[in-house]
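J.: Numbering (the numbering used here), first residue to last: -12 to 1005. Ideal Cβ positions, reconstructed from N, Cα and C, are used throughout, including at glycine. The model shown is predicted, which means the values in this text are computed figures rather than measured ones.
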């Protein structure tokens, strides 16, 4: 047993005073907690937030609940957020809770963490050495979070676990993010998560405030706000503390002064027992809290001041080193502080903390400035002399904090930089950023010889060495800015990252040409951030970076710039320039032995080769990258390979293969906790499922993406898939809503074709369904003006087909005749810009051509048969059904082939019903009814047609009115032409709309022409 443990053990029997022995009030709140425990035990995860002002009784309520939980056999894991000066330790409450679970369930936790120990060691170092760190891996934090949630779910599969996280108002950003992720994604397991926070500390700009607002939107989380005690409850509390009936005057005085705050009630009683009469209690809250301290012996007061400055908890060995008392003197001082209920021995540990943080804050605030600096220096010196005095995962951060508050820049700068490296290795990027900003603050204050002794390879890994030897060159301020920019981006604070890049480029200024590699790196990073934030496409920044590295010898930075240029082209203009940039990036990365950059470049190269028509070679290259990155453990890049391969296969019309690749990618991503990557792969999978006619899964996938995706683009793609599905099913309001969500997620400053063209296609489809032909033409013209870059046939053909189908459906409407020729000319010009590199796009091309013919009144059944034949072997059921419908329509118009038309309509109808494609189903049923064809397989002899049967119940007079509506006449014009009153004309129009099941005159006219309702009966 350590000396510290001996010290704690010696104090174990010390009697404490003034803590209420009776649990007062809180019946409703305790009931809510115990009910949550019961639901969790039944297998439904629960989450509760407990808020209240300091001293109101949050901890006491939690302790009472935990007694109940333990009595019911639950495993309790308690972790508190740590305040260290003004700093929090990354993931401190989760690390403490997991450490507790490991002590209670060692074998079970080892089994739950099996295979992921290296990653989970970032939270719990006892699991082993942390895995390799990838500085540019934007999935790293999400991966750690996903594995943590999965670990808890596995542990809670066979037992009830109560996870308590206290003092969220001190939580570091990484803890807040992990808690948010846990509460958003926890879906199974017998687990209760309880978190508490000090409500009176949550000011308007407190970082916890947005988290609370976000959690309020999650219906699965219950908020409990603790109110102060009533007069009756204060009376019961005093009775418990005094073990006797209190004097009524004392009750009134204490209640009036405490205002019902449970902790203040206790402190007022301490003051009273120290000799203050009821009317002489201190007017100052701080003085009141210090009463307990001032009654202690001098050594005990000194210990209290040392512990107050050491952090939330101070280890016994560290306390002994700083106090510089003999062991007997230290034990006696601790005995007095614990006996006065000022300090508490930490359960399951070897340290001490204040019983309540309000007292610690009061004692700390009472320190003189010089006294505070001296104590921090002593802490730092003791920790440097014996690093084993604190846990390894806390050591770097605490040493950095102590030296910083000791106001010694020469010592603080290296310590802060070392702490930034430690937090980076734990994927606590927000804390890394805070430490780097502190290093920048200290930079000019630190002596030049200290700065000169620092090396980039020790503290900065954001970008490759820029033409210098990292082992001999000194760390520069620009190195810190680069590291801070990456930390900000990886923590999700892209705005801050962009500001840091702008600061660096401003510092470089006219000297860019003297340090071109550093400048080029910052311009490339700025391009990425501009695009991510929707501030532009980033091309100006990439072009500037390319200009800076032009003519320079090969370097890793040069390769990074070329990869950026190739990636930009891959998404926006995948032509020869992008292909050349990718090839040079691969070459340069190989020359400087930067394999991770090379693999990134090769994946982009393979994608561009496939887009350029070198399909098999491009696919081979991407598959090779997938295998190599998997072997190297670079799983983020492995999943990116699955994303690009599945996308390439879909572009080739090989949708079934694309789904298989996506399924494998999803398994890999989930196995390694790559949450954001899962979103990208699932988005691709949903697109391929739509093509294959597996529409039932798309809604579930999209809903899951909207809930869990951490990047805006996968969320935008989820909304886009829902919009496409809604249009195909005739749910126009939903389509508009989902389309608006997609636009918001994608942004409007960076017009990437793979997002812009499908959104335009949905907008055209909605306008066409509502009979707004002019809006269809406006959108088509805008698409032509923006252009169809190479390899955008996958998005261009559906857009053109939607637009030209709207033109064909509106043929015969006088209001639509004007402008049709120009619209069809736009379609013909656009067709010439689109490739047909696979059978599916050849089928689209045939369909577009025949829709042009239909719009011009020259369609033929034979050519529609060719369209259907082109789709038949392609696993495109929706497109095939549409072709069957048009083929049947043409056969019926040409006459004499009713049996063939019937078979085609039955196939189309079966597909429409299976898919839930409402508009297609309606068109098929209306055409069949118009032609008096049965859509069922039973042999039936059609009954003699009643008058009006072939016109859906329209009377002869309503048919006359419909002809005039289709000609664009108003009600008054119809009345004049048919010699009826305008009111009668209005009634006829209303009846027509009801019988046809349409919403407006335009839709009625379009439907009449599309189904030949005004022609000779079929």
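Compare the beta carbon distance of residue 726 and residue 780 with 8 Å and say whether it is the shorter of the two.
T.: no
J.: Helix, strand or coil for residue 33, going by three-state DSSP, please let me know.
T.: strand
J.: Run through DSSP, which three-state label would residue 185 get?
T.: If DSSP states are grouped into helix, strand and coil, residue 185 belongs with the strands.
J.: On the three-state DSSP scale, how would you describe residue 994?
T.: helix
J.: Which value, in whole angstroms, describes the spacing of the CA atoms of residue 1087 and residue 517?
T.: Residue 1087 cannot be examined here, being either before or after the span of the chain that is shown, -12 to 1005.
J.: Where residue 941 and residue 880 are concerned, what is the direct C-alpha to C-alpha distance, given to the nearest angstrom?
T.: 21 Å
J.: Go ahead and pull the three-state DSSP assignment for residue 417.
T.: helix
J.: Does the separation of the CB atoms of residue 591 and residue 569 fall below 8 Å?
T.: yes
J.: If you measure between the beta carbons of residue 556 and residue 564, is that distance less than 8 Å?
T.: Contact: yes.
J.: Whose C-alpha, out of 426, 306, 741 and 112, is nearest the C-alpha of residue 378?
T.: That would be 112, whose Cα lies nearest to the Cα of residue 378.
J.: Can you tell me whether residue 302 is buried or exposed, with buried defined as 16 or more other CB within 10 angstroms of its CB?
T.: Looking at its Cβ environment, which holds 16 or more other Cβ atoms inside 10 Å, residue 302 is buried.
J.: Let's see if you can read the secondary structure: which residues bound the alpha helix (DSSP H) around residue 525?
T.: Careful: residue 525 lies outside any alpha helix (DSSP H) and carries neither H nor E.
J.: Would you identify the three-state DSSP class for residue 339, choosing helix, strand or coil?
T.: strand
J.: List, from N- to C-terminal side, the alpha helix (DSSP H) runs of 4 residues or more that fit wholly inside the stretch 486 to 521.
T.: 503 to 519
J.: Grab the span of the beta strand (DSSP E) containing residue 684 for me, first residue to last.
T.: Element bounds for residue 684: n/a, residue is neither H nor E.
J.: Under DSSP, the beta strand (DSSP E) around residue 67 begins and ends at which residues?
T.: 62 to 67
J.: Could you spell out where the alpha helix (DSSP H) holding residue 584 opens and where it closes?
T.: Counted as a single uninterrupted DSSP element, the alpha helix (DSSP H) harbouring residue 584 occupies residues 582 to 598.
J.: If you reduce the DSSP assignment to three classes, tell me which class residue 639 lands in.
T.: coil
J.: According to the Cβ coordinates, are residue 56 and residue 24 closer than 8 Å?
T.: yes
J.: Let's test the definition: count the other Cβ atoms within 10 Å of the Cβ of residue 505 and tell me whether it reaches 16, buried, or not, exposed.
T.: buried
J.: Taking the alpha-carbon of residue 916 as reference, which of 889, 900 and 905 has the nearest alpha-carbon?
T.: 889
J.: Go to residue 210, then tell me how far its beta strand (DSSP E) extends in each direction, as first and last residue.
T.: Residues 208 to 212.
J.: Does the CB of residue 313 have a neighbour CB from chain B at under 8 Å?
T.: Given the protein chain composition of this structure (a single chain), no chain B is represented.
J.: Would you call residue 580 buried or exposed, if buried means 16 or more other Cβ atoms sit within 10 Å of its Cβ?
T.: exposed
J.: For residue 865, which of 813, 588, 682 and 467 has the nearest alpha-carbon?
T.: The shortest C-alpha separation from residue 865 is found at 682.
J.: Who are the near neighbours of residue 932 in its chain, counting only those whose CB is closer than 8 Å to its CB and skipping five residues on each side?
T.: Low confidence applies to residue 932: its pLDDT is 40, below 50, so where it sits in the model is not reliable enough to give any reading.
J.: Per DSSP, which residues does residue 39 bridge with? Please list them.
T.: 185
J.: For the beta strand (DSSP E) that residue 151 lies in, which residues bound it at each end?
T.: 148 to 153
J.: According to the Cβ coordinates, are residue 201 and residue 147 closer than 8 Å?
T.: Contact: no.
J.: Just to confirm, are residue 749 and residue 768 a CB contact at a threshold of 8 Å?
T.: No.
J.: Out of 885, 912 and 886, which one is the CA nearest neighbour of residue 898?
T.: Of the candidates 885, 912 and 886, the residue whose Cα lies closest to the Cα of residue 898 is 912.
J.: Below 7 Å CB to CB, which residues in the same chain sit around residue 426 once its five sequence neighbours on both sides are set aside?
T.: 400, 403, 404, 407 and 467
J.: According to DSSP, simplified to helix, strand and coil, what is residue 839?
T.: helix
J.: Once you ignore the five residues that flank residue 30 on each side, which residues in its own chain have a CB closer than 8 Å to its CB?
T.: 175, 176 and 177
J.: Exposed or buried, what is residue 966 when buried is set at 16 or more other beta-carbons lying within 10 Å of its beta-carbon?
T.: Residue environment for residue 966: exposed (fewer than 16 other C-beta atoms within 10 angstroms of its C-beta).
J.: Would residue 773 pass as a contact of residue 794 if the rule is Cβ separation under 8 Å?
T.: no
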